[in-house]
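Novice:
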Amino acid sequence: MCGIIGYCGGQQAWPILLEGLTRLEYRGYDSAGIAVFTDGDIAITRSVGKIASLREQVQADPPAGDCGIGHTRWATHGPPAEENAHPHRAGDVVVVHNGILENHAELKRTLQRRGRRFGSQTDTEVFAHLIDIEHRRHSLPRAVARALRRARGSYALVVMSRREPGRLVAARMSSPLVVGHGQGENFVASDVPALLPYTRRVTFCEDGDLVVLESRRVQFFDLQLNPRQRRRQHIDWSPLLAEKGGHKHFMHKEIHEQPRALADTLAGRLRLARADVDLDDAGIADAVAAKFSRAVLVACGTSWHAALVGKFLLERLARLPAEVDLASEFRYRPPLVGPEDLVVAISQSGETADTLAAVRQAGKLGARVLAICNVLGSSLARAADHTLYTHAGPEIGVASTKAFVTQLAALMLVAVRLGRARGTLKRRQAAAELAALSQAPKLVEQALKLEPRIKLLAEQFAHARDFLYLGRGINFPIALEGALKLKEISYIHAEGYPAGEMKHGPIALIDEQVPVVAVATRNSVYEKVLGNLAEVRARRGTVIAVCSQRDRAMARSADHLLPVPRTSECVEPLVNVVPLQLLAYHVADFNGTDVDQPRNLAKSVTVE
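The numbering used here numbers the first residue of the sequence shown as 2 and each following residue consecutively.
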């Protein structure tokens with residue numbers, strides 16, 4: 002969840018650390034701090050709140066030095082407070098940490114009996130003391146390795162010592178960490194965007210790695226200090242993709258990037274002439290695909306909504322029975338999966354702890370795992386048998402938008418490919434669905450033109466206390482996603498519900514004060530949705546309908562229309578979600594909430 006940045010080189014460290022933290026602030030923004038080697042010691046500056054507060058403190062008294070570490074926090078152990086902010090120090094050792102030290106209470110009691118005093122409520126400070134004790138007899142790399150052998154849990158850790166200036170030691174276990182390679186300088190961070198202004202040559206750390214960074218070399222070891230070989234990769238993302246580009250918020254920019262992101266997801270994969278999909282990069286052979294008897298989709302949050310759409314697509318296009326599990330619940334049934342099952346794991350970051358745990362469990366049970374994710378070299382990609390990258394580019398806004406629509410596109414590609422491989426999807430139907438999918442970037446671009454109308458609606462309903470979102474069939478998950486976006490960034494209570502189930506409970510909430518947002522485009526359940534909206538209108542509910550263009554019947558059934566271009570029912574979710582994203586964005590912006598960094602949330606959820 003938290004953001005980590007480290008630098009060794011020939012430049013002043015503090016501006017690089019602050020810039021890196023700014024680019025990682027989506028990972029946590031309760032508090033922040035930096036530590037820099039300076040004048041034979043380590044200068045630490047910490048602040049509660051956003052990076053801007055830390056920046057003011059640092060600029061008032063900048064620490065001179067060319068090596069340092071920084072951290073932006075999403076609170077786990079202890080509330081946001083200066084004493085709980087990272088970096089943490091014990092003796093000569095300074096530490097930043099992302100993850101959970103599961104046996105911290107036990108270790109802390111042992112350390113306290115040895116006379117160690119603690120100034121915070123965090124688990125991270127335990128790491129600092131453990132390493133400092135070992136460092137009295139050993140070099141910093143060996144001290145870190147010995148301390149970590151006593152740790153249980155997850156960590157991305159970067160350590161510095163007053164006794165070894167110009168050197169950082171980093172380690173990873175179940176939390177992301179990436180090394181950036183420059184000219185006469187090296188970097189380490191918890192995510193790629195922090196490195197993009199300086200280098201695109203990176204190495205993704207793997208579990209059990211211990212990395213020693215200096216300005217002119219990087220060495221990889223295991224926890225027994227045996228050398229490890231790691232491959233450098235080139236990141237194609239432009240630094241501009243991680244900038245706002247004139248937009249007020251990253252979320253707004255990313256909503257408008259969706260046509261480009263969809264085009265990149267589909268590029269090179271559509272084979273319209275033969276009515277098929279090329280997923281050679283995912284590596285699922287026809288012979289393997291034909292043996293699957295079931296699909297199990299696992300994901301969290303917005304990605305879970307994509308999985309619900311994926312169930313519809315796999316069953317309709319591939320005729321493959323599909324189940325959807327919240328990844329956080331998957332391991333605790335216990336799950337019944339085996340060698341004939343395809344487990345589809347969906348995660349924007351590829352680092353979601355619950356999803357990774359579900360994948361590892363599925364692998365132990367013999368299932369084949371397909372990962373759908375956005376980040377090259379992520380933990381999920383490495384844990385899966387097959388990986389389909391969405392190529393959405395970096396997504397900085399905490400509330401996911403372009404990652405979601407590209408996940409939907411990727412799931413449709415998978416459904417068509419499996420359907421063709423299994424012989425359950427005829428050429429004519431495949432050709433029609435792929436032709437519709439190829440038009441998705443253009444259709445989303447048209448839907449974005451509704452923004453002026455949506456902005457006016459947002460101002461009209463920005464002070465509502467409750468919203469109800471309705472959908473049926475493949476659009477029920479889109480109703481869920483619309484409600485989630487609104488509650489995430491505006492803090493307005495919103496529920497997504499199957500329209501046909503409204504009469505079994507939520508109808509009790511409806512009156513003239515509760516706006517009802519309906520996803521009601523013309524498809525196989527259109528007439529049913531019209532009937533549900535009549536029930537809302539009979540109770541004086543105000544209906545906002547995402548509907549098909551030139552739908553005269555809907556004009557009589559809704560108070561406000563958001564008409565989107567017509568397309569295949571399977572492609573509808575990619576288009577229909579766009580007005581809901583814009584509505585959530587403009588309601589939140591009108592109310593003055595922090596759109597990109599909503600309270601209590603973080604982008605990459607790397608703890609259970």
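Ideal Cβ positions, reconstructed from N, Cα and C, are used throughout, including at glycine.
Write down every uninterrupted run of the beta strand (DSSP E) in the region 452-519 whose length is 3 residues or greater and which is fully enclosed by it, in chain order.
Specialist: 467-472 and 494-499
Novice: Rounded to whole angstroms, how far is the Cβ of residue 175 from the Cβ of residue 71, which I believe are closer than 8 Å?
Specialist: About 22 Å separates the two Cβ atoms, so there is no contact after all.
Novice: Residue 268: buried (16+ other C-beta within 10 angstroms of its C-beta) or exposed?
Specialist: With fewer than 16 other Cβ atoms within 10 Å, it is exposed.
Novice: Does the Cβ of residue 580 have 16 or more other Cβ atoms within 10 Å, making it buried, or fewer, making it exposed?
Specialist: buried
Novice: From residue 182 to residue 479, what does the alpha carbon distance come to, in whole angstroms?
Specialist: 41 Å
Novice: So, under 8 Å CB-CB, residue 577 and residue 515 are touching, yes? Tell me the CB distance rounded to an integer number of Å.
Specialist: Contact doesn't hold; Cβ gap of about 21 Å is too wide.
Novice: Express the C-alpha separation of residue 124 and residue 602 in angstroms, rounding to a whole number.
Specialist: 20 Å
Novice: With a threshold of 16 other CB atoms inside 10 Å of the CB of residue 453, please say whether the residue is buried or exposed.
Specialist: exposed
Novice: Considering residue 591, what are the terminal residues of the alpha helix (DSSP H) in which it resides?
Specialist: 573-592
Novice: Residue 107: buried (16+ other C-beta within 10 angstroms of its C-beta) or exposed?
Specialist: exposed
Novice: With 16 as the cutoff for other CB atoms within 10 Å, does residue 558 come out buried or exposed?
Specialist: Buried is the call here.
Novice: Along the chain, which unbroken stretches of the alpha helix (DSSP H) at least 4 residues long are found entirely within the region 199-254?
Specialist: none
Novice: Just reading off the beta strand (DSSP E) that residue 187 is part of, what are its end residues?
Specialist: 187-190
Novice: Compute the beta-carbon to beta-carbon distance between residue 510 and residue 469, rounded to the nearest angstrom, for a pair I have assumed lies under 8 Å.
Specialist: 6 Å
Novice: Of the residues 226, 461, 517 and 525, which one's Cα is nearest the Cα of residue 534?
Specialist: Of the candidates 226, 461, 517 and 525, the one whose C-alpha sits nearest the C-alpha of residue 534 is 517.
Novice: How is residue 72 classed by DSSP in three states: helix, strand or coil?
Specialist: Of the three classes helix, strand and coil, the one that applies to residue 72 here is strand, per DSSP.
Novice: Indicate whether residue 300 and residue 291 have their beta-carbon atoms separated by less than 8 Å.
Specialist: Against a cut-off of 8 Å, the Cβ pair of residue 291 and residue 300 comes out as no contact.
Novice: Reducing DSSP to helix, strand and coil, say where residue 375 ends up.
Specialist: coil
Novice: With distances taken from CA atoms, which of 77, 186 and 35 is nearest residue 57?
Specialist: Of the residues 77, 186 and 35, the one whose Cα lies closest to the Cα of residue 57 is 35.
Novice: From this set, 526, 259, 537 and 423, which residue's C-alpha is nearest residue 289's C-alpha?
Specialist: 423
Novice: Quick one: Cα of residue 491 to Cα of residue 531, how far?
Specialist: Here the C-alpha atom of residue 491 lies approximately 29 Å from the C-alpha atom of residue 531.
Novice: List the endpoints of the continuous alpha helix (DSSP H) containing residue 554.
Specialist: 553-558
Novice: Could you check the C-alpha separation between residue 153 and residue 103 for me, to the nearest Å?
Specialist: Computed Cα separation, rounded: 5 Å.
Novice: Can you list, in chain order, the residues of its chain whose CB lies under 8 Å from that of residue 211, leaving out five sequence neighbours each side?
Specialist: 142, 145, 146, 149, 170, 171, 172, 221, 222, 223, 224 and 226
Novice: Using CA coordinates, which residue listed in 591, 8, 231 and 333 is at the minimum distance from residue 217?
Specialist: 8
Novice: Could you tell me which of 90, 448 and 132 sits nearest to residue 120, measuring between CA atoms?
Specialist: 90
Novice: Residues in the same chain with beta-carbon distance under 7 Å from residue 348, minus the five sequence neighbours each way, listed in chain order, please.
Specialist: 300, 304, 356, 374 and 381
Novice: Would you call residue 273 buried or exposed, if buried means 16 or more other Cβ atoms sit within 10 Å of its Cβ?
Specialist: Answer is exposed; the Cβ neighbour count stays below 16.
Novice: Are at least three pairs of beta-carbons, each pair with one atom in the region 130-138 and one in the region 34-53, less than 8 Å apart?
Specialist: no
Novice: Leaving out five residues on either side along the sequence, give the residues of the same chain with a beta carbon under 8 Å from the beta carbon of residue 529.
Specialist: 473, 500 and 501
Novice: For residue 23, write down the residues that DSSP places opposite it in a beta bridge.
Specialist: According to DSSP, residue 23 bridges with nothing at all.
Novice: Measuring alpha carbon to alpha carbon, tell me which residue in 476, 321 and 488 is nearest residue 525.
Specialist: 476
Novice: From the DSSP secondary-structure annotation, give me the bridge partner or partners of residue 102.
Specialist: 154
Novice: Can you give the Cα-Cα distance for residue 248 and residue 257, rounded to whole angstroms?
Specialist: 10 Å
Novice: Quick check on DSSP: helix, strand or coil for residue 624?
Specialist: Missing from the structure shown is residue 624; the chain here goes from 2 to 609 and no further.
Novice: Hey, would you say residue 587 sits closer than 8 Å to residue 455, going by beta carbons?
Specialist: yes
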